[in-house]
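Be aware that the sequence shown starts at 30, since it is given in the numbering used here, and climbs by one per residue.
Quick reminder that beta carbons are idealized off the backbone N, C-alpha and C, glycines included.
Since the structure is predicted, the reported quantities are computational estimates derived from the model, not experimental observations.
Presented below is the structure to which this report refers.
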Amino acid sequence: MMLASHFGDTGVIYNVPTEESIKTFEASAPNDKFALVMPLLLVTKDNLQRLVKTGKVAAVIVKVDGKQPMSFSPDDPCPNCEYSILRDMNPLPQWNPAVSIMAIEMHACMLTIIHMRLGHVALQGAVSIPDLCHYE
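Next up, the structure:
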């Protein structure tokens with residue numbers, strides 16, 4: 030199965046369910062572009078940097094199956110702070126700084142989060158960052 034973005038990039042869907050599969054992908058994935066499917070618990074700055082460094086990542090699809098860490102936000106160091114009592118704090122608290130900068134540091138251009146519930150798949154959101162991507 031192929032994944033295509035509005036930029037025309039494609040990637041073969043590749044399942045990365047464990048830390049060991051990340052090592053396998055790094056060591057032996059064929060020269061191609063891949064849309065990696067990963068559980069949320071493996072989506073760390075270190076893991077994404079390792080995967081993107083291979084030059085084979087077109088996108089990351091994150092599966093959420095109820096084992097979501099309490100302090101996860103893919104793009105904000107203090108989600109909803111501007112709508113809470115924290116909005117007047119200067120600077121705003123950053124309880125999620127490591128994950129929040131992944132979108133900026135990643136050279137992969139698409140991060141999609143999918144919720145897996147009772148056999149149904151619901152797309153939570155796609156974060157597209159074309160201005161930060163490097164195309165050659």
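If we ignore side chains and look at the alpha-carbon of each, how far apart do residue i and residue j end up?
i	j	result
Met67	Gly84	17 Å
Thr53	Lys92	19 Å
Asp61	Ser50	17 Å
Val86	Lys74	15 Å
Ser57	Val45	13 Å
Glu55	Tyr43	12 Å
Leu115	Asn76	31 Å
Leu69	Arg79	16 Å
Could you round the C-beta distance between residue i and residue j to whole angstroms and report it? I think they count as a contact, below 8 Å.
i	j	result
Leu71	Ile90	The Cβ separation is near 12 Å, so there is no contact.
Phe63	Val81	That pair is no contact at about 11 Å.
If I follow the unbroken alpha helix (DSSP H) through residue i, where does it start and stop?
i	result
Ser57	48-57
Lys85	Lys85 -> no alpha helix (DSSP H), and no H or E assigned at all.
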